[in-house]
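For reference, the structure discussed in these notes is given below.
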Amino acid sequence: MLPSLPRWIAHRGGGSLAPENTLAGIRLAARLGLRAVEFDVMLSADGTPVLIHDETLERTTNGRGRVAETADAVLFALDAGDGEPVPTFRAAASLCRELGLLANVEIKPAGGYERATAEAVAQVALAVWQGSAHLPLLSSFSLEALAVVRDRAPQLPRGLLYDQVPADWHAAFVELDARTLHCAAGQVDGQLLAAAAAHRVPLLCFTVNCPEQAKTLFAGGVAALFTDRLDLAVAETAAYNR
Ligand code: G3P
Ligand code: MG
Numbered sequence: 008m009l010p011s012l013p014r015w016i017a018h019r020g021g022g023s024l025a026p027e028n029t030l031a032g033i034r035l036a037a038r039l040g041l042r043a044v045e046f047d048v049m050l051s052a053d054g055t056p057v058l059i060h061d062e063t064l065e066r067t068t069n070g071r072g073r074v075a076e077t078a079d080a081v082l083f084a085l086d087a088g089d090g091e092p093v094p095t096f097r098a099a100a101s102l103c104r105e106l107g108l109l110a111n112v113e114i115k116p117a118g119g120y121e122r123a124t125a126e127a128v129a130q131v132a133l134a135v136w137q138g139s140a141h142l143p144l145l146s147s148f149s150l151e152a153l154a155v156v157r158d159r160a161p162q163l164p165r166g167l168l169y170d171q172v173p174a175d176w177h178a179a180f181v182e183l184d185a186r187t188l189h190c191a192a193g194q195v196d197g198q199l200l201a202a203a204a205a206h207r208v209p210l211l212c213f214t215v216n217c218p219e220q221a222k223t224l225f226a227g228g229v230a231a232l233f234t235d236r237l238d239l240a241v242a243e244t245a246a247y248n249r
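Those letters in the sequence shown? Residues 8 to 249, by the numbering used here.
Printed below as a string of structure tokens:
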């Protein structure tokens with residue numbers, strides 16, 4: 008079962024306040040009062056699911072080359088910012104469970120690793136959240152990855168993720184037995200909002216860092232927003248709950 012969705016989800020762990028996709032970011036999000044975090048998961052050369060966004064190491068670490076070609080021994084010695092290591096998905100998942108955070112696990116396979124990445128993520132998620140009433144939400148741009156999760160771990164809620172939402176999104180949604188629809192905020196229009204409402208599908212939008220845009224999206228019926236601006240999320244939540 009999908010736990011109730013908070014209105015705000017910290018993007019890439021701690022948003023812009025911490026190195027992206029690190030445990031420090033996840034801890035910071037929890038400390039600031041966020042109740043949900045999104046992070047990206049890819050496989051190392053050893054097949055270990057790790058938190059990282061790009062297929063290459065250069066932008067977010069002091070390493071070089073492709074994540075899929077980097078052995079764990081090399082990967083875990085890198086600096087992902089402020090001395091933080093690249094975390095394993097298992098460590099991040101355990102931390103989210105310990106902190107009571109809803110984890111939105113974005114399965115981000117390097118090209119050609121869709122099936123393997125989804126299998127590894129599903130396996131670790133099932134182990135870490137065993138017996139938990141607050142399961143993670145697994146999302147992906149890869150329909151193949153989501154189909155693997157549906158078949159291997161049907162109990163794990165799935166989110167269908169698009170940059171551009173296709174006209175036939177609901178067919179894929181039904182096919183994958185998904186729970187949520189995630190899309191770029193710029194994609195949201197009256198037609199999509201109406202369709203999501205008609206199908207009772209929670210719509211989640213990324214990446215919203217502007218209060219006015221957030222206000223418009225929430226007013227239109229969007230369920231939750233991914234943000235780098237954790238300060239904005241905290242302030243808006245406080246005002247909403249007043
Ligand atoms: O999962 C929502 C969002 O994170 C997708 O975009 O590129 O930041 O992973 P990206
Ligand atoms: Mg992401």
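Backbone N, C-alpha and C fix where the C-beta goes; we use that ideal spot for every residue, glycine too.
Worksheet item: Among R38, L109, T124, which has the Cα closest to the Cα of P116?
Response: Taking only the C-alpha atoms, the option nearest P116 is T124.
Worksheet item: How is L120 classed by DSSP in three states: helix, strand or coil?
Response: It should be noted that the sequence gives Tyr, not Leu, for residue 120. The answer is coil: DSSP assigns Y120 none of H, G, I, E or B.
Fill in: Spatially closest choice to L168 from S51, L211, T63, A204, by CA coordinates
Distance from the Cα of L168 is smallest, within the candidate group S51, L211, T63, A204, for L211.
Worksheet item: Whose beta carbon lies closer than 5 Å to any heavy atom of the ligand MG, going through the chain in order?
Response: Going along the chain, the residues that qualify are D47, E113.
Worksheet item: Got a sec? Which residues, its chain only, sit under 6 Å from M8 by beta carbon, not counting five neighbours each side?
Response: Low confidence applies here, because M8 scores a pLDDT of 46, under 50, leaving its location unreliable; read the following figure in that light. The answer is none, since no qualifying residue turns up.
Worksheet entry | Beta-carbon separation (whole angstroms), F148 vs I16, contact threshold 8 Å | Incorrect: roughly 16 Å between the Cβ atoms, too far for contact.
Item to complete: Give a single yes or no on whether H18 has its beta carbon closer than 7 Å to a heavy atom of the ligand G3P.
Response: Result yes, Cβ under 7 Å from the ligand G3P.
Discussion item. Between A202, E219, S146, T223, which has its C-alpha nearest D184's C-alpha?
Written reply: Ranking the options by Cα distance to D184, first place goes to S146.
Fill in: Reference L200; option with closest CA among H60, N216, A230
Among H60, N216, A230, the Cα nearest to that of L200 belongs to A230.
Worksheet item: What does a CB cutoff of less than 7 Å around A98 pick up in its chain, not counting 5 residues either side in sequence?
Response: Same-chain partners within the cutoff: L30.
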